[in-house]
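Number of protein chains: 2
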Amino acid sequence: MPTIDDVAVKAQVSTATVSRALNGKSSVDPELAERVRRAAAELGYQPNGPARNLRRKTTATLSLIVPDVTHPFYASISRGFEDTARAAGYSVVLCNTDDDPDKERRYLEVARQECFAGVVMCPAPTATQIDDLTGPTTPVVTLDGACETHDRVLVDSRAAVERAAVHLISQGYQRLACVIEPACHTDTGRLAGFHRAHRAAGRADDGQVVVCRADGGPSDPYVMLTALLSDPAPPDALLVARHELAEGALRAIAERGLRLGADIGVVVFDDAPWLSLLRPAVSVVSRPAYAIGTTAARQVLARLTAKSNGVEDTALQADLIVRGSSIRVP
Amino acid sequence: MPTIDDVAVKAQVSTATVSRALNGKSSVDPELAERVRRAAAELGYQPNGPARNLRRKTTATLSLIVPDVTHPFYASISRGFEDTARAAGYSVVLCNTDDDPDKERRYLEVARQECFAGVVMCPAPTATQIDDLTGPTTPVVTLDGACETHDRVLVDSRAAVERAAVHLISQGYQRLACVIEPACHTDTGRLAGFHRAHRAAGRADDGQVVVCRADGGPSDPYVMLTALLSDPAPPDALLVARHELAEGALRAIAERGLRLGADIGVVVFDDAPWLSLLRPAVSVVSRPAYAIGTTAARQVLARLTAKSNGVEDTALQADLIVRGSSIRVP
DNA sequence: CTGTTAGCGCTTTCAA
DNA sequence: TTGAAAGCGCTAACAG
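Chains S and P, in that order, are what the protein sequence lines are. Position in the first sequence (first residue = 1) + 1 = our numbering. Position in the second sequence (first residue = 1) + 1 = our numbering.
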């Protein structure tokens with residue numbers, strides 16, 4: 002492995018000049034620069050990352066902390082994030098928390114120890130003292146989080162839920178149920194949209210609220226939905242406002258032999274290719290996952306150069322995509 | 002940020018002792034060790050990663066290079082990989098290549114510059130000179146690759162395809178088609194299993210082979226499958242031996258109004274929760290994606306400690322899961 | 001078992 | 001514009 006010294010000797014300049022020429026920071030005599038580049042190429046010189054990182058006190062690495070990359074929503078976010086981070090010359094370290102505050106803490110600790118340039122995270126429901134773990138220097142942006150102290154990228158899912166509920170009501174469905182996880186603060190926002198739609202329609206604000214937990218525990222979504230649908234007066238429309246619950250809900254509906262649209266109106270979070278393979282196809286609230294990733298990446302990167310003051314939020318819109326499952330055919 | 006020197010001063014020992022006590026490498030007097038730990042805790046000392054990495058000439062980072070993490074198959078692999086890497090104290094850098102040899106090259110270059118401890122990759126179809134980019138010291142394990150020069154983790158999908166074809170034949174389907182991407186070497190193995198099943202059944206070895214490209218280009222799977230199904234003598238069973246093609250194939254079938262199982266027998270790669278939501282549910286060849294990830298991680302990690310000689314392969318089995326789509330009901 | 005010391009390879013003042 | 005030189009913080013010989 003040739004070092005910068007080898008290059009310096011070969012190009013007959015000082016190491017400082019090599020560094021400058023190769024990084025293009027300060028101006029270097031074109032002729033010298035060329036000599037340096039040639040020497041580097043001939044030696045097959047590659048800068049040593051750790052040495053550079055030590056000296057610069059930072060790295061070209063970003064940490065992306067999500068609950069679980071096997072969820073398509075987070076997979077798309079990571080993809081968007083990696084694409085734009087990489088385009089800017091940054092590597093991304095992937096971290097799956099399973100919403101476990103301990104794992105989250107450890108990931109943040111690693112980010113600090115390794116001097117990562119920034120971190121983007123979906124905070125676990127339990128609040129963590131982020132700054133204690135990263136230092137106030139490291140930019141942190143949160144995704145869909147309750148965090149008041151850091152930049153956020155968020156989706157206006159409240160508005161999207163409202164539109165979905167309005168749509169369901171306009172289709173003539175009578176008893177809507179909203180399936181969420183109330184411990185999660187974003188879900189309370191969605192619930193607000195749900196209620197607002199009822200009020201706007203002049204309906205009693207009594208839309209049923211189904212509380213599910215997504216951990217497969219005692220209140221497994223499939224089990225709870227099955228129970229709900231067995232009710233003497235079951236809902237005739239479901240707004241599944243949580244992507245983790247969509248599949249279990251559809252499974253419960255399928256196993257009871259209910260026909261989407263005709264027997265029960267359904268809208269779920271989020272879109273996926275297979276949802277349009279079901280017959281009828283499933284209506285969705287689609288959040289722009291990839292764009293969330295790219296936006297978050299741009300936001301941390303921006304903090305790296307321009308230290309603006311105050312917290313900055315970016316809100317993205319979700320789309321309501323109406324397909325057969327929420328069209329009421331007699 | 003306190004450094005190791007601060008700790009040394011506070012604990013009234015040398016920096017070497019601090020390093021030893023905190024890393025547990027060499028034995029240290031228990032009393033001193035305790036003093037060091039306390040001093041470190043009181044100061045909130047965190048070791049500086051880049052400095053350590055520079056000194057050790059390696060990092061606790063692994064690179065995972067896959068085509069696209071938004072494919073559930075690769076998402077599960079990454080998850081398994083991250084889980085076991087993290088448990089061993091390693092971070093993982095995620096890299097999406099889109100099977101682009103250039104991106105692959107760049108990722109390998111970063112791995113070398115940053116002194117990553119190892120890399121696990123799904124090599125792009127085009128062969129890359131891996132060692133030139135990583136140095137012969139860095140362990141590399143390939144996934145599902147043609148690579149003869151490095152450790153491999155692979156799935157015996159040939160056997161699985163054979164079983165699937167046998168199953169389809171035993172159900173009485175007459176004209177099987179195997180949908181693959183022939184430029185990919187693993188697919189030729191699968192094709193061999195397909196042909197073997199025909200021979201074993203005493204059938205003419207003339208199973209149709211459908212050639213698809215997964216890039217959405219002129220031979221988009223959906224388009225090709227639609228064409229195939231419009232044939233005057235179309236196949237009555239499809240073995241979609243490539244996960245990227247499964248959704249397009251099912252879409253083509255659905256849009257032609259064919260009934261799974263009854264009109265056309267179908268088995269696809271790989272399993273996903275939604276495949277059992279379709280009616281009838283879809284039969285699959287299921288590869289153990291998560292286990293592939295964990296196995297690959299263990300393999301690189303093993304290379305890090307014990308430099309065995311020669312290339313080592315680990316083969317995992319795929320399961321045939323029969324559901325309604327390959328049951329021939331009249 | 002402990003301390004002293006020499007760097008790892010790079011960037012960046014500081015002078016020239 | 002260039003070079004000399006001082007470290008970044010840590011680990012690993014090497015001596016004691």
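Note that beta-carbon positions come from the ideal geometry of N, C-alpha and C, so glycine has one too.
Quick test of your reading: residue i and residue j, contact by CB under 8 Å. State the CB separation rounded to the nearest angstrom.
i        : j        : result
LEU259/P : SER326/P : That pair is no contact at about 11 Å.
ALA112/P : SER64/P  : 4 Å
LEU109/S : VAL120/S : 7 Å
MET122/S : ILE66/S  : 4 Å
VAL70/P  : ARG107/S : Incorrect: roughly 22 Å between the Cβ atoms, too far for contact.
PRO222/S : ALA250/S : 6 Å
ALA247/P : GLY194/P : Not a contact, Cβ separation roughly 17 Å.
HIS244/P : ASP271/P : 5 Å
ASN24/S  : PRO51/P  : About 17 Å separates the two Cβ atoms, so there is no contact after all.
THR296/S : LEU317/S : 7 Å
Helix, strand or coil for residue i, going by three-state DSSP, please let me know.
i        : result
ASN97/S  : strand
SER171/S : helix
SER231/S : coil
ASP157/P : coil
GLY294/P : helix
ALA17/P  : helix
ASP320/S : strand
LEU279/S : coil
LEU261/P : strand
LYS104/P : helix
GLY136/S : coil
ALA310/S : Per the sequence shown, the amino acid found at residue 310/S is Asn instead of Ala. ASN310/S falls in the coil class under three-state DSSP.
GLN47/P  : coil
GLY25/P  : coil
PHE195/P : helix
GLN130/P : coil
GLY81/P  : helix
MET2/S   : coil
THR71/P  : coil
ARG200/S : helix
GLU115/P : coil
ALA250/P : helix
ASP221/P : coil
Got a sec? Which residues, its chain only, sit under 8 Å from residue i by beta carbon, not counting five neighbours each side?
i        : result
ARG39/S  : ALA12
THR150/S : ILE131, ASP132, VAL312
ARG36/P  : ALA12, GLN13, VAL14
THR139/P : ALA112, ARG113, PHE117, ALA118, GLY119, VAL120
Taking DSSP's pairing of strands, which residues face residue i in a bridge?
i        : result
PHE270/S : VAL286/S
ILE328/S : In the DSSP output, where bridge partners are listed per residue, ILE328/S has none listed.
MET122/S : ILE66/S, THR143/S
SER92/P  : THR62/P
THR315/S : VAL154/S
Take residue i and list the residues in its own chain whose beta-carbon comes closer than 7 Å to its own, dropping the five residues that flank it on each side.
i        : result
GLY173/S : ARG329
SER284/P : VAL267, VAL268, ILE322, VAL323, ARG324, SER326, SER327
PRO102/S : ALA125, THR127, THR129
ALA61/S  : GLY90, TYR91, SER92, ALA118
ALA282/P : LEU276, ARG324, GLY325, SER326
ASP100/S : PRO68, ALA125, PRO126
TYR75/P  : VAL67, PRO68, ASP69
In its own chain, which residues sit with a C-beta less than 6 Å from the C-beta of residue i, not counting the 5 before and 5 after it?
i        : result
ALA147/P : HIS186
ARG176/S : PRO236, ASP237
PRO73/P  : ALA273
SER77/P  : ALA290, TYR291
When you check each C-beta in the segment 93-111 of chain P against every C-beta of chain S, which residues fall closer than 9 Å?
Within the segment 93-111 of chain P, the residues whose Cβ lies closer than 9 Å to some Cβ of chain S are VAL93, VAL94, LEU95, CYS96, ASN97, LYS104, ARG107, TYR108, GLU110, VAL111, listed in chain order.
Could you name the residues of the segment 40-55 of chain S whose beta carbon sits closer than 8 Å to any beta carbon of chain P, in the order they occur along the chain?
If you check each beta-carbon in the segment 40-55 of chain S against every beta-carbon of chain P, the ones closer than 8 Å belong to GLN47, PRO48, ASN49, GLY50, PRO51, ALA52, ASN54, LEU55.
Note down, in chain order, all residues in the segment 121-136 of chain P with a beta-carbon under 7 Å from any beta-carbon belonging to chain S.
Against chain S - using a Cβ distance shorter than 7 Å - the segment 121-136 of chain P contributes no residues.
Select from the segment 221-255 of chain P all residues with a C-beta closer than 8 Å to any C-beta belonging to chain S, and list them in chain order.
GLU248, LEU251, ARG252, ALA255
Between the segment 310-324 of chain S and chain P, which residues of the former have a C-beta closer than 8 Å to a C-beta of the latter?
none
Chain S contacts made by the segment 264-284 of chain P, where a contact means CB separation under 9 Å
Listed by position, the residues of the segment 264-284 of chain P near chain S (Cβ gap below 9 Å) are ALA273, PRO274, TRP275, LEU276, SER277, LEU278, LEU279, ARG280.
Please list the residues of the segment 53-81 of chain P that have a C-beta atom closer than 9 Å to any C-beta atom in chain S, keeping them in chain order.
ARG53, ASN54, LEU55, ARG56, ARG57, LYS58, THR59, THR60, ALA61, THR62, SER64, LEU65, ASP69, VAL70, THR71, HIS72, PRO73, TYR75, ALA76, SER77, SER79, ARG80
Can you pull out the residues from the segment 170-182 of chain P whose beta carbon lies closer than 9 Å to at least one beta carbon of chain S?
Residues: none.
Any residues in the segment 296-307 of chain S with a beta carbon nearer than 9 Å to a beta carbon of chain P? Which ones, in chain order?
none
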